[in-house]
Amino acid sequence: MKPFKYLYGPVPSRRLGRSVGIDLVPFKICTYNCIYCQIGKTTQKTLARAEYVPVLEILEEVNRFLKEETSAIDYLSLAGSGEPTLHSGIRSIIEGIKKITSIPVAVITNGSLLYLEEVRQDLLEADVVLPSLDAVSPETFSKINRPDEGLSVKKVIEGLEKFRKIYKGQIWLEILFCRGVNDSEDELSIMKETIDRIQPDKIHLNTVVRPPSEKWVLPLHETEMEKIRDFLGEKAEMISGFNRHPSSALERDIKEEVLKILKRRPLSISDLSEGLGIPEEELDRHLKPLTQERKIQTRIFSGSVYYEIKS
Ligand code: SF4
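Residues 457 to 767, numbered by the working numbering, are exactly what the sequence shown covers, in order.
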């Protein structure tokens, strides 16, 4: 099977079942540079929309994938190595996919560009949109998301509210909590009021479970997450462990697959096993030589061992 350039997976996830990711922007172009980002620091922070990768090539890959893949897929997810709504052709991609398959399309976005009318219009045909909103006060927004200077949290929230008014599909809002950054009572109380205005269908609560972009960033404990869930009400559920930017590989050269997936972000052996569909014992046989060859290294985070590309 010829490798795919823009598609990865299927990746099993609690939010989207078995989903195939489609990478719409090269690593690592984003409107934010989140302190907890699992795939590394943003190298090109921008609000400029462009056809970062050719629409036709993406649709050709989706077509080929659908012909080659025989197992059931729950979602085709537009996400990847940065912010997918920066791709100016996202509407053509969604519409193009809809013409060739009935598999639902999900957009995993940081929601920052929804203040633009064109972006709101572009996403209308998606079946589910999963925006994030980690902060509602300007200070916390700057601290956690480190946005492009042309963005303000007011703009982001207004964009989400406007999108809710015109979008008929599901909105699953994700909040990722970092200890001592966006978990204060004040922040949570304004967050609750803001969410009431945005009216998402679900609220997904996440915390830092994989090595973050900044080493000082820490997760919340499960009991603290439960308290927040109870405070935010019945739409809220915990999804800790969900990868906002998941990745996997379709090729069968296991060492190559491991290196490719680790280039995106550090992973534990169970993540690798889940993402690549390979038993941990088998993976272990490949991880050891890769470590000895000094291609990868281990790093301890929150008591767990993660593998990453050797720096
Ligand atoms: S977590 Fe997502 S939104 Fe935040 S910097 Fe990483 S790619 Fe961008």
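A virtual CB, placed ideally from N, CA and C, is assigned to each residue, including glycine.
It should be emphasised that the depicted structure is a prediction, and the values quoted were computed from it without experimental measurement.
Listed in chain order, which residues are found with a beta carbon closer than 5 Å to a heavy atom of the ligand SF4?
C486, Y488, C490, C493 and N566
What residues match up with A506 in a beta bridge as DSSP calls it?
H543
How would you label V673, buried or exposed, when you count the other beta carbons within 10 angstroms and need 16 or more for buried?
buried
Helix, strand or coil, according to DSSP, for R474 in the structure here?
strand
At what residues does the beta strand (DSSP E) containing G465 begin and finish?
L463 to S469
Rounded separation between C490 and K497 - CA only:
8 Å
Quick one: grab the DSSP three-state call for L723.
strand
Cβ contact (3+ pairs, closer than 8 Å) linking the region 475-486 and the region 650-657
no
If we count the other Cβ atoms within 10 Å of its Cβ and call it buried at 16 or more, is R821 buried or exposed?
Shown here, the chain extends from 457 to 767; a query on residue 821 therefore has no answer.
Sorted by chain position, which residues of the same chain lie with C-beta nearer than 6 Å to M736's C-beta, five sequence neighbours on each side aside?
In the sequence under discussion, the amino acid at residue 736 is Glu, which differs from the Met named in the question. So the qualifying residues of the chain are I725 and S729.
Can you name, in chain order, every residue of its own chain whose Cβ lies under 8 Å from the Cβ of L775, other than the five neighbours on each side?
A query on residue 775 cannot be resolved here, the shown segment of the chain reaching from 457 to 767 and no further.
Applying the criterion that 16 or more other CB atoms from any shown protein chain within 10 Å of the CB defines a buried residue, is H543 buried or exposed?
buried
If we ignore side chains and look at the alpha-carbon of each, how far apart do R470 and I695 end up?
7 Å
Sufficient close CB pairs (3 or more, under 8 Å) joining the region 624-638 to the region 661-676
yes
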